[in-house]
Amino acid sequence: MNNERYDRGLAKLKEIDGLAGEKVIDSLKDIAPDFARLIIEFPFGDIYSRPGLDLKVRELAVVAALTALGNAAPQLKVHIHGARNVGCSQEEIVEIIMQMAVYAGFPAALNGLFAAKEVFGEAPGA
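Under this note's numbering, the first residue of the sequence shown is numbered -5, with each subsequent residue one higher.
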């Protein structure tokens, strides 16, 4: 199963999401191990590993996108953790979520802020 994309992706996943990302992958092993592999290889092995944007910018973009979707709270929480892990401040995360009210509406932004509040209240490394 391991290949260059997988190894690169797993390293990037650990760098960004730490235990939260590993929990997502582990939760798929009994139902969709191939999907877990795809998550490691494509988003993290191919996209996140590209030059051109640093991890802070990439994670803020993901927080914005997941907030705008409005139906991805578990994934949003994982990526808020990831944003903190790569150096984003609480203020930067809150600002990007608030900005989504303009494009995705107040309910999506409120849901995003409540997700952020939950993550910010957790113990580090949770």
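All residues carry an ideal CB built from backbone N, CA and C; glycine is no exception.
Quick caveat: nothing in here was measured; it's all calculated off a predicted structure.
Can you tell me which of the three DSSP states V18 falls into? helix
Span of the alpha helix (DSSP H) around K50: 49 to 63
Per the contact definition of three or more C-beta pairs closer than 8 Å, is the region 18 to 28 in contact with the region 47 to 64? Counting Cβ pairs under 8 Å, fewer than three are found: no touch.
Exposure label - K111; buried when at least 16 CB within 10 Å: When all chains shown are included, K111 counts as exposed.
Contacts around K8, its chain only, beta-carbon distance under 6 Å, and the 5 residues preceding and following it disregarded: none
Excluding the 5 residues preceding and the 5 following L4 in the sequence, name in chain order all residues of the same chain whose CB lies nearer than 6 Å to its CB. Same-chain partners within the cutoff: I34.
What residue does the alpha helix (DSSP H) around Y97 start on, and which one ends it? 84 to 98
Per the contact definition of three or more C-beta pairs closer than 8 Å, is the region 96 to 107 in contact with the region 26 to 41? They do not touch, by the three-pair rule.
When the Cα atoms are used, what is the spatial distance from L107 to H75? 13 Å
Pairwise C-alpha distance: L54 and N105: 16 Å
Cβ neighbours of L70 in the same chain (closer than 6 Å, five flanking residues each side left out): L60, A109
Backbone CA spacing between C82 and D40 [nearest angstrom]: 22 Å
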